[in-house]
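So the structure is just underneath, and the comments pick up after that.
Residue numbers (my numbering), protein chains in the order written: chain U, 1 to 432; chain C, 433 to 864.
Here it is, written out as C-alpha cells:
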C-alpha cells in the first residue's frame with residue numbers, strides 16, 4: 001500500500017466546520033486520507049521520496065465537475081457566438097456524426113489532461129461511446145461518473161439503451177472504484193415518456209443513477225407546458241424518474257417554486273453550469289433560492305465546445321459573481337459557498353459525497369495543491385477568498401486521485417500529453 | 433538600439449482588418465514594432481540571443497487595464513462578500529488611512545508583477561500617492577496612465593489638487609514615454625461642482641486628460657437626479673468636463689439613452705469593469721448598446737480589493753459572457769469584439785490608441801506571447817476564440833513593453849518578486 005505525506009500545507013477541509021488548517025500534515029495511505037495533523041507529527045514511516053513539502057501550497061479537495069461532455073474538447077472553438085440551433089445543426093452535429101469510438105477516447109483523454117492540470121479529480125460525463133470515456137478515465141487514473149447519452153430519435157435508440165444498461169451494470173465501480181456509472185437520457189424534450197419509463201426501470205435494475213439535462217432554456221419549459229401541461233421537473237417526477245437515486249440534473253435554469261420544492265424533497269443533484277448558461281444566454285439559475293432551500297447543488301463546466309474549457313475554478317468564481325449580479329446582493333453566494341458547490345456539493349450531487357469532496361480521514365484521497373507563491377495570490381488575507389476570486393487553474397501544482405499522484409509539480413504522471421496532442425491532431429485532420 | 437525578433441508566431445494583430453497571421457516574424461527595433469513578415473524573411477541582423485522561437489505561441493497586443501487602483505493589492509481578500517458601504521467604512525478606509533507613500537509603491541509593484549505575468553502592458557491607475565505609482569511603473573518598465581485620486585471631503589483637498597496638477601504637468605511623458613498623467617477626480621458624488629470646475633481648468637492648463645468614476649451604481653444616479661435634476665453624465669457635460677480629451681470614465685453602468693449619445697459624441701472612453709460590477713452587484717453596463725453606437729469602450733479590472741485580481745483575460749471573457757446572458761442573445765459581444773475592448777479599445781479609451789493596442793509597424797512594441805502548447809488551448813480551431821473563452825493569465829509566456837522584454841519564458845526581467853513579497857509582508861505586519 002502506497003503512502004504519501006504532504007507536509008506543512010494550508011488545508012481547506014470543506015468539512016462541516018469549514019475548517020482551514022495551517023501548517024498541517026496530510027497523510028495518504030492507499031486510496032484514502034489517513035490523518036490530518038499539525039506539521040511535524042507524521043514523519044516516521046513515510047519514505048523520503050513520498051514526502052511533499054507543501055509550504056506555500058494550499059490543499060483543497062479536488063474539484064468535481066458535475067456535468068460535462070468531455071470528448072467535445074475535439075470541437076473546442078470550432079464554432080462560437082452562434083444561436084443554439086444553427087450551432088448544433090450546422091456545426092456540432094455534422095462533425096459529431098463522424099466521430100468513432102477511438103476519437104472519443106482521445107478527445108476524453110485531452111479533456112482529462114486539461115482537468116488534472118486544473119485540479120479537477122472527478123467528472124460526470126454524458127456522451128456517445130461511453131465505454132471509451134470510461135476506459136480513458138481508468139487509463140488516466142481519473143475518477144469519473146459515466147453515462148452514455150440516450151436520444152430517442154436516433155435510429156438505434158433501443159439498442160443503445162440496452163447497451164447503456166449493460167454498461168452501467170458491468171462497469172459499475174470498475175478500476176478500483178474510479179468509475180461510477182449512470183444512465184444518461186439526454187433531456188425530457190428529446191426522450192418521450194415511454195422511453196423515460198424504460199430508463200427508470202433500467203436504472204433501478206442496474207442499481208445506478210441517472211444523469212439528465214433539465215430545464216436549460218425558457219423555450220424548453222414553455223414547450224413542455226404546451227405539450228404536457230407540466231414543467232419538465234413535474235413531468236420527470238410524474239414518471240418516477242426523480243425517485244431514482246442519485247439523479248444528476250444538469251442546468252435547472254428555469255424552475256418554478258414548486259419545481260424547487262420537488263428537487264429539494266427528492267434530493268436531486270442540481271448541476272449548475274454558470275459559464276455555459278452565460279455563453280449560450282440560457283439564463284441565471286435560481287441558485288440562491290435553491291441553496292436557501294437546502295437543495296443539493298454542484299457545479300459543472302458543460303462540454304468544452306460551449307464553455308470553452310473544463311476549468312472548475314472559473315465555474316466556482318462565476319457562480320459567486322453571477323448570482324451577486326443577478327440578485328443585486330453583493331453578499332449572495334459568498335466565497336465559501338461557491339467553493340463548496342464546486343467540491344463537496346458536486347460530489348453530493350453525483351451521489352459520491354460519502355467518498356469525496358472533503359479532506360477528512362476516511363475519505364478517498366482526491367486532493368489538489370494550489371501554488372500560492374505568486375503575486376496574484378498575495379498577500380494571504382484569506383485563502384478561501386483567493387481560491388474563489390483570484391486563483392486560476394494554472395496555479396494547481398500537484399494532484400492526487402484515489403491516493404495516487406496524477407500530477408506532481410505540474411508534471412502529469414499518468415498521461416503522455418504529446419501523444420494525446422498527436423492523436424487528436426491526426427484524427428481531426430481526417431474528420432474536418 | 434536594441435532589436436528583438438519573434439519568429440514563427442501566430443499573430444493576432446487587432447488591426448483594422450482583424451488579421452490573424454500564421455508563421456510570421458515580428459521585428460522589434462528600439463521601442464517600436466518595425467515589421468511583420470512571413471517567417472524566415474527577417475533573420476539577418478538580429479543577434480541570436482535576441483531571437484525568440486515562438487512556434488506554438490500566439491502574439492497579441494498587450495492587454496491595457498483601463499481602470500484600476502493598483503496598490504489595493506495590499507487589501508486583496510481583506511474583506512469580501514459585503515455590501516459596499518460597510519466594506520468601505522469598516523474595512524477598506526480604516527486600513528487605507530494608515531498607508532504611506534512607500535506602502536503604495538510596493539503595493540503597486542506587487543500589482544505590476546501580477547499584471548506583467550498576465551500579459552497586461554499598461555494600466556490606468558487612480559490612487560493616493562500617485563508619484564509612488566508612477567515611480568513603480570518606471571522602475572518596472574511598465575506603461576501606466578497615472579492620476580491621483582481627488583476627494584473633495586478630505587481636509588487637504590485643495591493642496592492635493594495643486595499637487596496633482598503639478599504632478600500631471602511634470603510627469604507627463606516621463607520614463608521614455610512610459611508614463612502618461614491625468615487628473616483623477618474620484619466621482620461626481622464625491623466632488624462638488626466648484627471643485628470639478630477647477631479640475632477641468634487644471635487638466636486644460638496641464639494638457640492632460642481626466643480619469644473619473646461615472647454612474648457605477650443605481651443609487652448614485654438616483655441621488656444625482658434628486659440633488660441636481662441631472663444624471664451624472666449630464667452634470668459632467670454641463671460642467672465642461674467631457675470636453676477635456678481624453679476622459680476615461682470608469683464603470684458607466686447606469687446610463688440613459690441620452691447619456692450614451694453624449695458619451696459617443698464627446699468620444700469619452702468608457703472603461704467597463706464587468707468583474708467588479710458583478711462582484712459588487714452594481715449591474716450590467718449597456719455595452720452592446722454602446723458598441724452599436726460606436727462608443728469608445730475599453731476594459732478594466734477595478735482595484736484588486738474588489739475583483740480580486742488584475743487579470744484582463746478574465747475581464748475580456750466576462751465581457752463576452754455577461755452581455756450574452758444579460759441581453760439573452762448568444763451572438764452579443766463575440767470573441768473578437770471582447771478581445772478588441774481589452775486591448776485596442778482600452779488604449780483608445782485612455783487616449784493612447786495611436787501608440788498601443790495593435791501589432792502594427794510603427795506602434796510601440798507592447799506585446800504578449802501566449803503559450804498555446806497546453807491541453808486547454810487544443811485543438812486550435814480558432815485562436816481568437818481560445819484567447820477569449822479558454823485561456824488564462826498563467827498561459828502568458830513572454831511580454832514586451834516599449835520594446836523591452838519584461839518577462840521571458842515566465843521569468844520576470846525587471847522585477848525582484850521575492851523582494852516585493854517581503855516588502856509587502858513587512859509593511860502589512862505593521863499596518864494590520
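For glycine and all other residues, C-beta sits at the position ideal for the given N, C-alpha and C.
Which residues in chain C have a C-beta closer than 8 Å to the C-beta of residue 378/U? List them in chain order. 505, 508, 542, 853, 856
Between residue 619/C and the rest of its own chain, which residues show a CB-CB distance below 6 Å, the 5 nearest in sequence each way excluded? 645
Alpha carbon to alpha carbon, how far is residue 780/C from residue 603/C? 21 Å
With DSSP as the reference, label residue 856/C as helix, strand or coil. helix
From the DSSP output, read off the bridge partner residues of residue 556/C. 577/C
Helix, strand or coil: which one does DSSP assign to residue 266/U? coil
Just to make sure I have the definition right: I need the residues of chain C whose C-beta is within less than 9 Å of the C-beta of residue 284/U. Which are they? 757
Short Cβ contact (9 Å threshold) for residue 574/C with residue 833/C: yes
Secondary structure at residue 9/U, three-state DSSP: helix, strand or coil? strand
List, in order along the chain, the chain U residues whose C-beta lies closer than 7 Å to that of residue 817/C? 77, 80, 308
Can you have a look at residue 517/C and say buried or exposed, based on whether 16 or more other CB atoms are within 10 angstroms of its CB? exposed
Give a yes or no on whether the minimum CB-CB distance between residue 127/U and chain C is below 9 Å. no
Mind listing the chain C neighbours of residue 278/U? Cutoff is C-beta to C-beta under 8 Å, in chain order. 753, 754, 756, 757
To the nearest angstrom, how far is it from the Cα of residue 26/U to the Cα of residue 51/U? 10 Å
Specify whether the segment 666-683 of chain C and the segment 698-713 of chain C touch according to this definition: at least 3 beta carbon pairs, one from each stretch, less than 8 Å apart. yes
Using a Cβ-Cβ cutoff of 7 Å, what residues of the segment 784-814 of chain C are near chain U? List them in chain order. 807, 808, 810, 811, 813, 814
Kindly indicate if chain U contains any beta-carbon less than 9 Å away from that of residue 485/C. no
Any alpha helix (DSSP H) of 4 or more consecutive residues that is wholly inside the segment 57-121 of chain U: 93-96, 101-117
Tell me, to the nearest whole angstrom, how far the beta carbon of residue 612/C is from that of residue 784/C; I am working on the premise that it is less than 8 Å. 6 Å
Excluding sequence positions up to five away, which residues of its chain have a Cβ less than 7 Å from the Cβ of residue 599/C? 562, 563, 580, 613
Which of helix, strand or coil does DSSP assign to residue 181/U? strand
What residues in its chain sit with their C-beta under 8 Å from that of residue 238/U, if we drop five residues either side in the sequence? 230
Determine, using beta carbons only, whether residue 720/C comes closer than 9 Å to chain U. no
Partner residues on chain C for residue 114/U, Cβ-Cβ distance less than 7 Å: 807, 808
With 16 other CB atoms within 10 Å as the buried threshold, where does residue 545/C fall? buried
Just to make sure I have the definition right: I need the residues of chain U whose C-beta is within less than 7 Å of the C-beta of residue 849/C. Which are they? 375
Per-residue DSSP class, three states only, for residue 284/U: coil
Interface residues of chain U facing residue 515/C [CB-CB closer than 7 Å]: 330, 331
Given that residue 549/C touches chain U, what residues does it touch there, using C-beta distances under 7 Å? 375
Output needed in chain order: residues of the segment 16-27 of chain U with a Cβ under 7 Å from some Cβ in chain C. none
Can you look up residue 658/C in the DSSP assignment and give me helix, strand or coil? helix
Rounded straight-line distance, which links the Cα of residue 673/C to that of residue 628/C: 8 Å
Taking 9 Å as the threshold (beta carbon to beta carbon), is residue 390/U in contact with chain C? yes
Less than 8 Å between C-beta atoms, sequence neighbours within five positions excluded: which residues of the same chain meet that for residue 20/U? 10, 11, 12, 13, 383, 384
So, at 7 Å on beta carbons, what are the nonlocal neighbours of residue 822/C in its own chain, with the 5 sequence-adjacent residues on each side left out? 808, 809
Taking all protein chains shown into account, do 16 or more other C-beta atoms lie within 10 angstroms of the C-beta of residue 551/C, making it buried, or fewer, making it exposed? buried
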